[in-house]
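>
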Amino acid sequence: MMYRVLLILLLFSTTSCTFFKKVFKKKKEEVVLNESSRFGQVLKSKDYEFKLKMANLYYDKKDFRKAQILFEEVFPVFKGTPQHEDLYYKYANSHFNLRDYLTAENLFKGYIEVFPNNPRAEEVEYLQ
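Residue numbers for the sequence shown follow the numbering used here, beginning at 247 and rising by one.
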């Protein structure tokens, strides 16, 4: 009798474990799919404030590829605004973190020309 109970428990736990692994894998794939469709929606948006907010969010999450794409789109829109300095720095730094050092160097040089007295200028000169 005890053997049957153990066998049933073992079968149930193995089946449940396999079931939960499949469910978890499916959920993980859905999250990835949802995340990429969300990014697609952000790209299609004409709301540049929203795009900048999402670019900053991706940057903070260290998803520099998505951040860089969005920063590039909003860069000309925010030129001359209070957000421009931070945007410029993060845009250049995204390239640096993606190991696109040549583009990063050129952007950092431009950053120093536009914002020579900014507290980040010393850090930017080092990154060049």
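Where a beta carbon is used, it is the ideal one built from N, C-alpha and C, also for glycine.
Nothing here was measured: the structure is a model prediction, and the numbers come from that model.
(1) Counting only beta-carbon atoms, is Lys325 nearer than 8 Å to chain D?
(2) Secondary structure at Asn343, three-state DSSP: helix, strand or coil?
(3) Grab the span of the alpha helix (DSSP H) containing Val323 for me, first residue to last.
(4) Starting from the C-beta of Phe317, find all residues in its chain whose C-beta is less than 7 Å away, skip the five residues before and the five after it, and write them out in chain order.
(5) Specify, as a first and last residue, the run of the alpha helix (DSSP H) that Phe296 falls within.
(6) Among Glu368, Tyr357, Glu371, Ser283, which has the Cα closest to the Cα of Lys325?
(7) Our contact map puts Val320 next to Lys297 with C-beta atoms below 8 Å; I'd like the distance itself, whole angstroms only.
(8) Would you report the Cα separation of Glu368 and Thr327, rounded to the nearest angstrom?
(9) Sorted by chain position, which residues of the same chain lie with C-beta nearer than 7 Å to Arg311's C-beta, five sequence neighbours on each side aside?
(10) Exposed or buried, which one is Val288 when buried takes at least 16 other CB atoms within 10 Å?
Judging by the given coordinates:
(1) Although the question refers to chain D, the structure presented lacks it and comprises just one protein chain.
(2) As a first step, residue 343 is located in the sequence shown; it is residue number 97 there, counting from the start. Correct three-state label for Asn343: helix.
(3) Stepping through the sequence shown from its first residue, residue 323 is reached at position 77. Segment: none, Val323 is in no alpha helix (DSSP H) and carries neither H nor E.
(4) Residue numbering aside, residue 317 sits at position 71 when the sequence shown is read from its first letter. The residues are Ala301, Leu333, Lys336, Tyr337, Ser340.
(5) Sequence index remark: in the sequence shown, residue 296 carries index 50 (1-based). Unbroken alpha helix (DSSP H) run through Phe296: 294 to 306.
(6) In the sequence shown, counting from the first residue as 1, residue 325 sits at position 79. Measuring from the Cα of Lys325, the nearest candidate turns out to be Tyr357.
(7) Locating residue 320 in the sequence shown gives position 74, counting from the first residue. Locating residue 297 in the sequence shown gives position 51, counting from the first residue. Contact holds; Cβ gap of about 5 Å.
(8) One-based indexing of the sequence shown puts residue 368 at position 122. One-based indexing of the sequence shown puts residue 327 at position 81. Going by the C-alpha atoms only, they are around 22 Å apart.
(9) Residue mapping note: residue 311 aligns to position 65 of the sequence shown, counting from 1. So the qualifying residues of the chain are Leu344.
(10) In the sequence shown, residue 288 corresponds to position 42, counting from 1. Val288 comes out buried.
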